[in-house]
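**Student:** Quick note: the sequence shown uses full-length UniProt numbering, first residue 1, plus one each step.
First the structure, which I've put down as structure tokens, then a few questions once you've had a look.
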Amino acid sequence: MRAITVRVPAKVNLQLAVGPLREDGYHDLVNVFHAVSLFDEVTAAEPGDLGDPGRPIKVTVRGESAAEVPADDGNLAVRAAQALARSAGRSYRADLVIDKAIPVAGGMAGGSADAAAALVACNELWGLGLPVEDLMEIAADIGSDVPFALLGGTAVGTGRGERLTPLETAGVFHWVFALADGGLSTPRVYGECDRLREARGIGAPQPTVSESLLAALREGDAKELGRALCNDLQPAALSLRPSLARTLEVGLELGALGAIVSGSGPTCAFLAESQAHAADLAAALANDPACSALSREAGLSRSVVTAFGPVPGAVSG
């Protein structure tokens with residue numbers, strides 16, 4: 001039985017500038033995406049003879065927080081495979097298996113990553129041979145973050161975030177991610193962002209990309225990048241999950257170059273100077289017995305992982 005496995009990365013938002021609410025219910029965004037080395041794997045296989053003809057695309061989810069991921073047509077990977085079949089104008093079948101390592105509902109686009117991986121895997125499984133440009137168009141209709149999961153690297157997204165321009169990046173950046181218990185609903189966080197702005201009488205300007213952030217990426221300057229990290233959704237995420245403020249504070253006290261809520265949260269991202277610094281910072285945040293009393297006091301995250309970026313987008317093999 002033929003099967004194609006695709007590995008796809010998580011993302012962290014280096015900048016997320018949120019503009020006013022549009023008539024279609026979305027916000028105009030400037031979204032600087034950065035793909036990091038936390039990966040899901042999606043395998044697309046030909047169904048066996050006992051496959052269910054009434055469900056041509058089936059999905060099984062394994063790994064971290066698998067029970068929290070839909071295993072029906074609500075799964076973005078299933079929706080991606082269905083959209084690809086529709087675009088080809090034929091009825092195709094596939095059994096999808098998702099091995100999760102990217103946090104679920106953690107602001108790191110795990111569901112979107114799985115959708116991108118399903119597009120690549122089914123495109124190859126079904127012998128469609130569609131170029132990445134066509135897959136990107138299909139991806140944009142599935143979700144705003146799905147095109148970037150195909151592209152990878154570092155890129156600025158505009159519109160809803162789906163219109164991408166790759167960015168020049170020098171060197172490698174090292175990260176620590178504190179993964180909080182329980183997810184945050186992206187629509188709820190955007191709604192809270194709108195509510196807080198209205199309550200404070202703050203208008204939402206048209207978003208623009210940070211020139212200091214772009215310069216830091218071009219020069220590979222981790223210290224300047226840490227200073228430039230910015231997320232307009234962070235106040236809303238902290239309003240809904242106040243404990244995240246202490247997580248960010250502790251990471252900075254322990255020596256992170258910068259700290260930010262990733263996307264809509266609740267994952268907190270910390271930029272480190274080097275791989276060794278990332279390992280030390282992760283150990284401190286994870287409440288290692290050898291670390292300071294401050295880190296033992298923190299105890300604020302479910303788990304802590306390290307990663308680096310940028311890395312490529314969805315890749316088979």
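In this text, a Cβ means the ideal position worked out from N, Cα and C, and glycines have one as well.
#1: Apart from the five residues just before and just after Glu219, which ones in its own chain have a Cβ nearer than 8 angstroms to its Cβ?
#2: Got a sec, what are the start and stop residues for the beta strand (DSSP E) Asn75 sits in?
#3: Pick from Val250, Phe270 and Leu119: whose alpha carbon is nearest that of Ala228?
#4: Quick one: give me the first and last residue of the beta strand (DSSP E) that Gly226 is part of.
#5: Classify Glu64 as helix, strand or coil using the three-state DSSP reduction.
#6: Report the option in Thr165, Cys230, Gly191 and Ala116 whose CA atom is closest to the CA atom of Leu240.
#7: Kindly indicate the opening and closing residues of the beta strand (DSSP E) around Ala259.
#8: So, Glu41 versus Arg7, is the Cβ gap smaller than 7 angstroms?
#9: Using the beta-carbon count (16 or more within 10 Å), is Pro131 buried or exposed?
#10: At the level of alpha carbons, what is the spacing between Ser91 and Ala85?
#11: Any contact of the region 178-192 with the region 239-257, i.e. 3+ C-beta pairs under 8 angstroms?
#12: Among Leu233, Val30, Ala109 and Arg246, whose alpha-carbon lies nearest the alpha-carbon of Val209?
#13: For Ile57, which three-state DSSP category applies?
#14: Ends of the beta strand (DSSP E) at Glu41?
#15: Whole angstroms is fine: what's the gap from Phe308's alpha carbon to Thr154's?
#16: In terms of alpha-carbon separation, which member of Pro9, Gln15 and Ala10 lies closest to Gln234?
**Tutor:** Straight from the coordinates:
#1: Ala170
#2: Careful: Asn75 lies outside any beta strand (DSSP E) and carries neither H nor E.
#3: Phe270
#4: Where Gly226 is concerned, there is no enclosing beta strand (DSSP E), although the alpha helix (DSSP H) it sits in stretches over Ala222 to Ala228.
#5: coil
#6: Gly191
#7: Gly258 to Val261
#8: yes
#9: exposed
#10: 6 angstroms
#11: When Cβ pairs closer than 8 angstroms are counted between the two stretches, the region 178-192 is seen to touch the region 239-257, the count reaching three or more.
#12: Its Cα nearest to that of Val209, the residue Val30 stands out among Leu233, Val30, Ala109 and Arg246.
#13: strand
#14: His27 to Ala45
#15: Near 12 angstroms, if we compare the C-alpha coordinates of Thr154 and Phe308.
#16: Gln15
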